[in-house]
Structure formats: structure tokens, C-alpha cells
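What follows is a set of notes on a single structure, which appears directly below.
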Amino acid sequence: MDLQALPEGCIASILSRTTPVDTCRLSLVSKTFYSAAESDVVWNHFLPSDLSSIISRSDSQSESSLLASSPSKKALFLTLSDHPIVIDHGTKSFQLHRQSGKKCYMLAARDLSIIWGDSPQYWKWTTVPDSRFQQVAELIAVCWFEIHGRINTNDLSSNIKYAAFLVFKMIDARGFRYCPVQLSVGIFGGRNETKDVCLDPNFKEMQLQRQGSFERLQCPNVRSDGWLEIEMGEFFNSGLEDDQVEMSVRETKTNLWKHGFVLQGIEVRPKIFSPDCEVMGVGPSDDGRGPDCEEMGVGPGDDGRRSNRHWTIMRNLGGKFKKIWNRR
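In our numbering, the protein residues as written are 910 to 1237.
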């Protein structure tokens, strides 16, 4: 079967059953594929069905009018994958995962439960220019370091693995270098995934003795927005149950005083990496955003000819495309 002989409407229908990344790659095949890949039929399928309700929770007039102001569904998708919108009176942010179109949320520090968080001698609520929220929590001094957050599984995309990430900065921090911090993620009331990590980005040699051996602890990474993040754990959201995911950060064993930790929030995003991304050297960035079509060099050929790279894409994705077609 010659896939390129299919009507553009059929191609668009099949592309809508793939992923945003696959669609961008397949748009390289020919001008017909490119035209189909640009259509609202395809990109509307990549947008959440409850997107209108989510956007309406924004306090910003420009953000709440995104549905009406976007020139196309693709433009809306790329805007929401590039620029998180702040919702729920500044306590959360929402964006789309570029590779998959799945939902991502960040719970602001104000949406988390911080032990002693309302005591000004221990924590200070302040403003940081590069934060997506109006307020962040800055640690003044505590020896009991504990933070909790929850998110409802119904707010997330279904049938996908998610990971939670602590998003923070260290400014003249003290008390974290020799104190492993315990991170935990799991369904509330069920079994949690727990691990010890080092939050000090300048001390990557921290080791923890376990059963007679030493284990090097995970350290934070720098995000594309300049903040630090560290994975807290992962969970699978089937979408079949109305559950709550509980996330926690705790260091209460050493009684050492700590300060200089600045908390922006906890981000929950899909944990996805497609092996097909390696075809073009495409992978997720450190904050979970994949490439857009322009970054991947996607566009119609001037004369409709396909390069060797185009044939590589067809070889790797053509089988997937045919399987989708055969299921119709």
C-alpha cells in the first residue's frame, strides 16, 4: 500500500491517532503529509477534552482567552507546551507535555503543606523574578524539614506513567550537605515509593551506608528555566480510580539546622521517552519539554523530494502508521 496515495483527510485521521512527535516527523514525508499534519483535526486530538474548563481557571485574561485567540489548534498546543498557565488563584500551573500532549501540573509552594511554613521565624514568603508563581517559600531556619503535597488522579491524563519533581533553588544554603533528605511518592493510603537524596547541587559525592555498603545518592539537575529539580518518584495513573497522589519531602533525623532553600513547587509530568526519538537525536529536555516542529526542522520540501533522513523516518514510523491504518 502506498501511504502517500491516501487522501489528505485519511492521513490526518491516522496522524491524530499517533503522537505530536510522530506527527511532526511524518510531516517530513511529503507535502500532502505536511498539509495533513498542520490540520486542526490532528492537533485538536492532542488537546485534552477538558481544556476549556482548565483554561477558565486562570486569573489572567490573556490566558483565559487562549482558546479564542489562538490561530490554530497546533498554535494552541505549542503555546501550552511552551508557556505554563497559572490557575486556581496562583496555586497551580498547567501545561502540555510536548512529546505526548499529556497534562502537566506544578503545585505552587502555597498549595503545599510546609511544617512551620506560616511561622515567619522559620519560613518567609517572598517573590522571585523567574518563578512562575507570585510567591515562593524561602527557608529561614529549621531543623525539622518537612513538606507534603497532593494531587487528584482525575486531574491527570490516564493510562500513563507520571513522575513528581521537587523544584527549588539553593541560595547560600547550609545544613543540606551531609543530611540525606527522604522523598516519597505514592497513592494516598497505599504503598509509597521512598528514597534518600542529596539536595545540595554542589556536593555530588554524598554516600549513604546501607547493609555494609555505600550508595551514592541522587543529586538535583538544573532545569532549562534555571531552577533545580530532583525526581521524587513515579506512579502509574490508570484513570480508573478517583485517588490522590501524596508526595513528601522530609529530613527530621539529624536535628541539624538548615537554611537557604527556596521552594517553587512540585511538578507532576509524564515520564515518557520514545525510542523513536533517537532517529533524529530528539529527546526530552531536563524539564520534560520535547522539541517543537521548528526545532526538528519540520517543513515541506521545496520540490517534494525526500532525503535519506526522510526515508529513515518512514522506515521507523511507517510500520506504526500502517498498523493504525489497518485498525480503521
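Idealized CB from N, CA, C, for every residue including glycine.
For A1017, three-class secondary structure by DSSP: strand
Take S948 and list the residues in its own chain whose beta-carbon comes closer than 6 Å to its own, dropping the five residues that flank it on each side. A921
Nearest-angstrom Cα distance between K1078 and Q1004? 21 Å
Tell me whether the beta-carbon of G1142 lies closer than 9 Å to the beta-carbon of A1018. no
Candidates Q1153, P1179, I1139, I994, of which the one nearest R1100 by Cα: Q1153
First and last residue of the uninterrupted alpha helix (DSSP H) at V951: 949-955
Let's test the definition: count the other Cβ atoms within 10 Å of the Cβ of D1212 and tell me whether it reaches 16, buried, or not, exposed. Confidence is the limiting factor: at D1212 the pLDDT is only 40, short of 50, which leaves the residue's position unreliable, though a coordinate-based value still follows. Exposed: under 16 other Cβ atoms inside 10 Å.
Along the beta strand (DSSP E) that carries D1109, what are the first and last residues, could you check? D1109 -> no beta strand (DSSP E), and no H or E assigned at all.
Within 9 Å, strictly: CB atoms of V930 and Y1071: no
For K1180, I'd like the list of residues in its chain whose CB is within less than 7 Å of its CB, leaving aside the five on either flank, ordered along the chain. K1070, Y1071, A1072, E1143
Considering only residues of the same chain and omitting the five flanking positions on each side of S1022, which have a CB-CB separation below 6 Å? H1057
On the DSSP bridge assignment, give the partners of E1102 in chain order. V1094
Less than 9 Å between the beta carbons of V938 and G918, yes or no? no
For S1022, which of helix, strand or coil comes out of DSSP? strand
Between the C-alpha atoms of I1163 and S978, what's the straight-line distance to the nearest angstrom? In the sequence on display, residue 1163 carries Thr and not Ile. Roughly 53 Å separates the two Cα atoms.
Give the straight-line distance between the Cα atoms of T932 and A946, rounded to the nearest whole angstrom. 6 Å
On the criterion of 16 or more Cβ atoms from any shown chain inside 10 Å, does W1032 qualify as buried, or is it exposed? buried
Identify which residue in K940, F955, S1002, S973 has its Cα closest to the Cα of K982. F955
Under 9 Å between C-beta atoms of F1108 and F1170: It should be noted that the sequence gives Leu, not Phe, for residue 1108. Going by C-beta atoms, L1108 is nearer than 9 Å to F1170.
Compare the Cα-Cα distances from I1060 to each of T941, D1020, P1110 and report the closest residue. D1020
Between T988 and V1045, what straight-line distance do the alpha-carbon atoms span, to the nearest angstrom? 24 Å
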